[in-house]
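Novice: If you read the sequence shown in the numbering used here, its first letter stands for residue 1, the second for the next number, and so on. No residue lacks a Cβ here, since even glycine has one placed at the ideal position from N, Cα and C. Every value quoted in this text rests on a predicted model; they were computed, and no experiment measured them. The structure that follows is given in the form of structure tokens.
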Amino acid sequence: MAFWYILKYFITMFQSLLHKLSFFVIPSIVLCIALIGGYFTGQGEINWYYTLKIPAWAPAGDFIGAMWSMIYVATAISLFYVWNRGERNRFFFWIILLFAVNGFLNVLWSYLFFTKHLIGAAVLETALLEISTVALVVFVRRISTLASILLLPYALWVLFAQYLIYEVWRLNA
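Here you go:
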């Protein structure tokens, strides 16, 4: 009988440690995604971007950067809520996998567009990014409504970005 109490104690301690580590690990993961995306953006010839025909209504680069910064913060908070409030079951692990796929797609867009200058591929990839973001909004709601609401600006921004990149592709085809 004492064995089960000791085991329960260690499990509780381990869960507490995971909770505390998530304050560091989750923001670090999101920061790495942002930095890798930024690296690929910088790898491309930024002057190439300025040679493209861009819609007149396209926001300034500083505004786009500020939006992405806010989106990364909101995504980190959402993931934090999911990680710390989600019951560790199959659904939870699918959501964590979906966050990982979304992060990969986020980075892939910068690689395709800025590094490889594949505008058409970036348009298609943005559709996948939007699907994964909307899926996160929908599925995360089962764990935390707040975490889901925090992802709404991300979904809306990617939808806007998808239209913008489509217009860039159309204007430069």
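(1) Applying the 10 Å Cβ sphere with the 16-neighbour rule, what's the burial state of Ala56?
(2) List in chain order: all unbroken alpha helix (DSSP H) runs of 4+ residues lying wholly within the stretch 22-63.
(3) Which residue from Leu21, Ile64 and Tyr163 puts its Cα closest to that of Leu129?
(4) Helix, strand or coil, according to DSSP, for Ala173 in the structure here?
(5) Along the chain, where does the alpha helix (DSSP H) that runs through Glu130 open and close?
(6) Does the beta-carbon of Phe177 have 16 or more other beta-carbons within 10 angstroms, so that it is buried, or is it exposed?
(7) Could you check how far apart the C-beta atoms of Ser144 and Tyr50 are, in whole angstroms? I think they sit under 8 Å.
(8) Could you pull out every residue in the same chain whose Cβ sits closer than 6 Å to the Cβ of Lys53, ignoring the five residues on either side in sequence?
(9) Pull up the distance between the alpha-carbon of Gly120 and that of Glu167, whole angstroms please.
Specialist: The structure says:
(1) The residue labelled residue 56 in the question sits at position 56 within the sequence shown. Exposed: under 16 other Cβ atoms inside 10 Å.
(2) 46-51
(3) Walking along the sequence shown from the start, residue 129 turns up at place 129. Checked all of Leu21, Ile64 and Tyr163; the closest Cα to Leu129 is Tyr163.
(4) On the sequence shown, residue 173 is found 173 positions in, with the first residue counted as 1. Here Ala173 sits in coil by DSSP.
(5) Walking along the sequence shown from the start, residue 130 turns up at place 130. Segment Ile119 to Val140, the alpha helix (DSSP H) holding Glu130.
(6) What is shown of the chain runs 1 to 173, which leaves residue 177 out entirely.
(7) Here residue 144 is taken as the residue at index 144 of the sequence shown, counted from 1. Here residue 50 is taken as the residue at index 50 of the sequence shown, counted from 1. Not a contact, Cβ separation roughly 41 Å.
(8) On the sequence shown, position 53 is the one that residue 53 refers to. Once the five neighbours on either side are set aside, the close Cβ partners of Lys53 are Leu171 and Asn172.
(9) Taking the sequence shown and counting its residues from 1, one reaches residue 120 at position 120. Taking the sequence shown and counting its residues from 1, one reaches residue 167 at position 167. Approximately 11 Å, taken between the alpha carbons.
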